[in-house]
Amino acid sequence: MSFIGEELKELPFYLTRPSPCPYLDGQVEQKIFTRLLGNGPSDYLLTSQLTPFGFRRSQSIIYRPACPTCMACVPVRIKANEFALTRNLKRIHAKNRDLTTKVISTSEAEPLFELFSAYQNARHNQGDMAQMQLPDFTAMMHEGSENSALLCLHDKAGITVGAMLMDKLAGGTSAVYSFFDPELDKRSLGSELIIRLVEETKNQRLEFVYLGYWIKQSRKMAYKARFPALQCLTANGWEDFVPED
């Protein structure tokens, strides 16, 4: 039986052309992808069905790696109800107790552009996103986001210091993209946003938080292994993540 619902069986899938991998030197990247339909209920069904099979959403497309010579990208997710802070995560959470969580609509994203730009310029100034202007940013927030929201961290003055674009799925939530104030490096706001997303997922009585891909050899992606109650997608399905020595 296909894991794709009846409404989606005719949906076309495409394969991108090979290109240099952005994470591992010397590797070639390819992706299999399809486009969202632009209809809220159908897109919710599509992302809910494909995400547990290792797919990720980026604006109006949903994709997964299909690289010809590499399988380094491992889909990972947190079992929200089994999540308990480690000693390191407790320290991070304690640093950020003064921050409040607020979930807003993606239609309210425009005031966050300055924060997004500061983050890109400090952390990814050679990447394509660093060149984004306000229309590009709002398009990224709105495209394919009928079932999305922004989880924001506010300081005592009400200023947003971090934000995560998240998708709501039938069985969980998906962390699509995060950005935060680069001058608050000691707060580890990227990790704090994940902690708050787990809390939000529990509040919604959902089961999983999908974090995208763990890549052991990539410093940008290896941090995901630090989160407890983690599972990885293998040839045998989802299995508990066992850190390597």
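The numbering of the sequence shown is our numbering, which starts it at 7 and goes up by one.
Backbone N, C-alpha and C define an ideal beta-carbon position, used for all residues, glycine too.
Spatial distance of residue i from residue j (CA atoms)
{"i": "Ile-84", "j": "Glu-206", "result": "13 Å"}
{"i": "Asp-187", "j": "Ile-200", "result": "15 Å"}
{"i": "Thr-144", "j": "Glu-116", "result": "6 Å"}
{"i": "Asn-242", "j": "Tyr-29", "result": "25 Å"}
{"i": "Ala-163", "j": "Leu-121", "result": "15 Å"}
{"i": "Lys-208", "j": "Ser-224", "result": "29 Å"}
{"i": "Ala-72", "j": "Gly-32", "result": "16 Å"}
{"i": "Ser-54", "j": "Met-147", "result": "19 Å"}
{"i": "Met-7", "j": "Phe-59", "result": "Its pLDDT being 35, under 50, Met-7 is placed unreliably by the model, and the measurement read from it follows with that caveat. Those two C-alpha atoms are separated by around 14 Å."}
As assigned by DSSP and simplified to three states, the class of residue i
{"i": "Tyr-216", "result": "strand"}
{"i": "Met-170", "result": "strand"}
{"i": "Arg-41", "result": "strand"}
{"i": "Ala-155", "result": "strand"}
{"i": "Asp-246", "result": "strand"}
{"i": "Met-138", "result": "coil"}
{"i": "Ser-113", "result": "helix"}
{"i": "Thr-92", "result": "coil"}
{"i": "Ala-176", "result": "coil"}
{"i": "Arg-23", "result": "coil"}
{"i": "Thr-75", "result": "coil"}
{"i": "Met-7", "result": "Note that Met-7 scores 35 on pLDDT, short of 50, meaning its location in the model is unreliable and no value can be drawn from it."}
{"i": "His-99", "result": "helix"}
{"i": "Lys-226", "result": "helix"}
{"i": "Ser-194", "result": "coil"}
{"i": "Phe-59", "result": "helix"}
{"i": "Leu-105", "result": "coil"}
Opening and closing residue of the alpha helix (DSSP H) in which residue i lies
{"i": "Gly-164", "result": "From DSSP, Gly-164 is part of no alpha helix (DSSP H); its letter is neither H nor E."}
{"i": "Pro-47", "result": "46-56"}
{"i": "Leu-121", "result": "119-129"}
Distance CB(residue i)-CB(residue j) smaller than 9 Å
{"i": "Ala-181", "j": "Tyr-216", "result": "yes"}
{"i": "Phe-89", "j": "Ala-235", "result": "yes"}
{"i": "Lys-101", "j": "Glu-198", "result": "yes"}
{"i": "Gly-178", "j": "Ala-86", "result": "yes"}
{"i": "Pro-24", "j": "Pro-74", "result": "yes"}
{"i": "His-160", "j": "Leu-118", "result": "no"}
{"i": "Glu-114", "j": "Leu-156", "result": "yes"}
Where the beta strand (DSSP E) containing residue i begins and where it ends
{"i": "Arg-70", "result": "67-71"}
{"i": "Gly-150", "result": "Neither: Gly-150 is in no beta strand (DSSP E) and is coded neither H nor E."}
{"i": "Arg-83", "result": "80-85"}
{"i": "Leu-236", "result": "236-240"}
Whether or not the segment 43-54 and the segment 141-159 are in contact is what I'm after, with contact meaning three or more pairs of Cβ atoms, one per stretch, closer than 8 Å; do they touch?
They touch, by the three-pair rule.
Three or more C-beta pairs below 8 Å linking the segment 99-112 and the segment 225-241:
Touching, no.
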